Amino acid sequence: MIYYQKGSENSVIDSQSLEEGLFSTLDKIGKKKKVLVVPPDQTRIHSRAGEITALLHKYFKKELKDILPALGTHTPMTDNQINEMFGDIPRELFRVHDWRKDVITVGTVDGDMVSQITNGALDYSWPAQLNKLVYKGGHDLIISVGQVVPHEVMGMANYNKNLFVGTGGREGINKSHFIAGVYGMENLMGKADNPVRGMLNYATRNFIPDLPVIYILTVIGYDEAGELVIRGLFIGDDPEVFYTAAKLSLKVNFTILDKPLEKVVVYLDPSEYKSTWLGNKSIYRTRMAMADGGEIIVIAPGLKEFGEDREIDRLVRKYGYIGTPAVLDAVRENEELRQNL
Numbered sequence: 004m005i006y007y008q009k010g011s012e013n014s015v016i017d018s019q020s021l022e023e024g025l026f027s028t029l030d031k032i033g034k035k036k037k038v039l040v041v042p043p044d045q046t047r048i049h050s051r052a053g054e055i056t057a058l059l060h061k062y063f064k065k066e067l068k069d070i071l072p073a074l075g076t077h078t079p080m081t082d083n084q085i086n087e088m089f090g091d092i093p094r095e096l097f098r099v100h101d102w103r104k105d106v107i108t109v110g111t112v113d114g115d116m117v118s119q120i121t122n123g124a125l126d127y128s129w130p131a132q133l134n135k136l137v138y139k140g141g142h143d144l145i146i147s148v149g150q151v152v153p154h155e156v157m158g159m160a161n162y163n164k165n166l167f168v169g170t171g172g173r174e175g176i177n178k179s180h181f182i183a184g185v186y187g188m189e190n191l192m193g194k195a196d197n198p199v200r201g202m203l204n205y206a207t208r209n210f211i212p213d214l215p216v217i218y219i220l221t222v223i224g225y226d227e228a229g230e231l232v233i234r235g236l237f238i239g240d241d242p243e244v245f246y247t248a249a250k251l252s253l254k255v256n257f258t259i260l261d262k263p264l265e266k267v268v269v270y271l272d273p274s275e276y277k278s279t280w281l282g283n284k285s286i287y288r289t290r291m292a293m294a295d296g297g298e299i300i301v302i303a304p305g306l307k308e309f310g311e312d313r314e315i316d317r318l319v320r321k322y323g324y325i326g327t328p329a330v331l332d333a334v335r336e337n338e339e340l341r342q343n344l
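In structure tokens:
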């Protein structure tokens, strides 16, 4: 159900309104003894999740036991990044998600569903994986915080993606992203309801129905002065809260053009984008607007690596960016790729 919703294309939810909406909702939920917060990492610093996490610490005080940034396969946050995003929250509350070692498989989606999603191109099963702290931490409330925004893998970011991908394991993350790549990013981008999201929703319903999770979702957009503001705040515990936020995000975060673009120049903030793994979003999120034969120029002053993970970086350097048909052939022929999809 939706516990709280506020926002529109032109709304501006300031810090005071954010705190009031958040605290009034938490009052209704009731007192908790052991709370886990799962915010995004610094790559979503504009989501206002850092401010929301600080407010959660202010509200729960000693009942907030753990903060687990949803790193996925990203590099762990540095002290400077934590300071910038989360302020003066005590560092001893922060945990580091190790996507290779700290996970548990809570259930498996069979290969028939994966085959259906990919029109037969893939037929492997998909393991729904979570960090052990999320699944077995003994918390009586888990709060997933993040921004709903167009996303190349899930159509629209956040909701249960923050758990199954953000705190997921090597196999679950890699396979879900590969499924999305084979299905086609152009078929996903901006669509909240899609087969890949349906797979995650199936896992939520069937594998973790009793996990005490609520979602705090923001929609962020630019005001007339070019400043990022909160356009929407949504709090709830089921798909309805996600789909409601996604409807607003489509209005706020999508630009509909009269005609395709011939040339686009994209600048990547060096504090956020240090790898092509993340920097390729400059392509994913513009190519649907490009004319045939168009040109995308990416300016990436912070770029220093291909993968966020050392092994992924090695594999990208070895095999390169070679297109879907060649990648599928390489996966069939090379075990190291099958283990790191």
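In our numbering, each residue's number is its place in the sequence shown (first place is 1) plus 3.
Even glycine gets a Cβ: it sits at the ideal position worked out from N, Cα and C.
Small disclaimer: the values here were computed from a predicted structure and weren't measured.
Rounded to a whole number of angstroms, what is the C-alpha to C-alpha distance between Val-106 and Asn-134?
For this step, residue 106 is matched to residue 103 along the sequence shown. For this step, residue 134 is matched to residue 131 along the sequence shown. So the alpha carbons of these two residues sit roughly 4 Å apart.
Is DSSP giving Thr-221 helix, strand or coil here?
Position 218 of the sequence shown holds residue 221. In this structure, Thr-221 counts as strand in the three-state DSSP scheme.
Taking the DSSP output, what are the residues bridged to Met-159?
Taking the sequence shown and counting its residues from 1, the one referred to as residue 159 is at position 156. The partner list for Met-159 (beta bridge, DSSP) reads Pro-153.
Status (buried if at least 16 other CB within 10 Å, exposed otherwise) for Gln-19
By 1-based counting over the sequence shown, the position of residue 19 is 16. Exposed, because fewer than 16 other Cβ atoms sit within 10 Å of the Cβ of Gln-19.
Name, in chain order, the residues that DSSP records as bridge partners for Gln-350.
This structure cannot settle anything about residue 350, because the visible part of the chain is limited to 4 through 344.
Is the region 53 to 67 in contact with the region 22 to 31, if contact means three or more CB pairs nearer than 8 Å?
yes
Based on DSSP bridge pairs, tell me the residues matched to Phe-257.
Indexing the sequence shown from 1 puts residue 257 at position 254. In DSSP, Phe-257 forms no bridge with anything.
Please name the residue, chosen from Ile-233, Lys-9 and Asn-163, that lies closest to Glu-54 on a Cα-to-Cα basis.
In the sequence shown, residue 54 corresponds to position 51, counting from 1. Looking at the Cα atoms, Ile-233 is the closest of the given residues.
Runs of 4 residues minimum, wholly inside the region 280 to 307: which ones carry the alpha helix (DSSP H) assignment?
284 to 287
Measuring alpha carbon to alpha carbon, tell me which of Tyr-138, Asn-163 and Thr-78 ends up nearest Asp-44.
Here residue 44 corresponds to residue number 41 of the sequence shown, with the count starting at 1. Closest by alpha carbon: Thr-78.
Specify the secondary structure class of Lys-36 as computed by DSSP and reduced to three states.
Stepping through the sequence shown from its first residue, residue 36 is reached at position 33. If DSSP states are grouped into helix, strand and coil, Lys-36 belongs with coil.
8 Å Cβ shell around Gly-297 - same chain, five flanking residues per side excluded:
Taking the first residue of the sequence shown as position 1, residue 297 is located at position 294. Excluding positions up to five away in sequence, the list reads Pro-263, Leu-264, Glu-265, Lys-266 and Val-267.
I'd like to know if Ile-302 contacts chain D, where contact means its C-beta is closer than 8 Å to some C-beta of that chain.
Given the protein chain composition of this structure (a single chain), no chain D is represented.
Which residues does DSSP pair with Ile-233 in a beta bridge?
Walking along the sequence shown from the start, residue 233 turns up at place 230. Paired residues: Ile-223.
Quickly, what does DSSP pair Asp-44 with across the bridge? List them, please.
Here the question's residue 44 lines up with position 41 in the sequence shown. According to DSSP, Asp-44 bridges with nothing at all.
Over what stretch of residues does the beta strand (DSSP E) that includes Gly-201 continue unbroken?
Within the sequence shown, numbered from 1, the residue matching residue 201 stands at position 198. Per DSSP, Gly-201 belongs to no beta strand (DSSP E); it is in the alpha helix (DSSP H), 198 to 210.
For the region 237 to 250 and the region 277 to 293, state whether three or more C-beta atom pairs, one from each stretch, are separated by less than 8 Å.
no
Spell out a yes or no on whether the region 194 to 209 and the region 154 to 170 are touching, meaning 3 or more CB-CB pairs, one atom from each, closer than 8 Å.
yes
I need the DSSP call for Gly-10, collapsed to helix, strand or coil.
Walking along the sequence shown from the start, residue 10 turns up at place 7. Three-state result, Gly-10: strand.
Confirm, please, whether the CB-CB distance from Ala-52 to Val-168 is below 8 Å.
Numbered from 1 along the sequence shown, position 165 holds the residue referred to as residue 168. Numbered from 1 along the sequence shown, position 49 holds the residue referred to as residue 52. Cβ atoms of Val-168 and Ala-52: not closer than 8 Å.
What would DSSP say about Ala-73, mapped onto helix, strand or coil?
Residue mapping note: residue 73 aligns to position 70 of the sequence shown, counting from 1. Note: Ala-73 maps to strand in three-state DSSP.
When the Cα atoms are used, what is the spatial distance from Asp-69 to Asp-91?
Translated into positions along the sequence shown, residue 69 becomes position 66. Translated into positions along the sequence shown, residue 91 becomes position 88. One C-alpha to the other measures close to 15 Å.
Just checking, does the region 30 to 42 make contact with the region 125 to 141 on the three C-beta pairs under 8 Å criterion?
yes
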